[in-house]
Amino acid sequence: MGGCAFWVERLDAQFEWLRRAYERLRSVFERLDAGFERSSRVFERLDATIERPRRLFES
940 MGGCAFWVER LDAQFEWLRR AYERLRSVFE RLDAGFERSS RVFERLDATI ERPRRLFES
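Heads up: the sequence shown begins at 940 in our numbering, then just goes up one per residue.
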């Protein structure tokens, strides 16, 4: 029976390691997503800035 408890503890430790790894990866992807969101807004502003003079020349 003692052997069974050993394996249960090992599995529990492995699942805890996987859970922590998953949380770290999720945190990284959330930060990447936020970075892409900021980049997207920057490019939208750049597009708008470039478009304004273009409309002036086309008028």
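For glycine and all other residues, C-beta sits at the position ideal for the given N, C-alpha and C.
Inter-residue Cα distance where the pair is residue 954 and residue 990:
The residue given as residue 954 occupies position 15 in the sequence shown. The residue given as residue 990 occupies position 51 in the sequence shown. Near 53 Å, if we compare the C-alpha coordinates of residue 990 and residue 954.
Could you check the C-alpha separation between residue 915 and residue 976 for me, to the nearest Å?
The chain is shown only over 940 to 998; residue 915 falls outside these bounds and no answer can be derived.
CA-to-CA distance, residue 973 to residue 996, given in whole angstroms:
Along the sequence shown, read from residue 1 onward, the residue named residue 996 stands at position 57. Along the sequence shown, read from residue 1 onward, the residue named residue 973 stands at position 34. Cα to Cα, residue 996 sits roughly 36 Å from residue 973.
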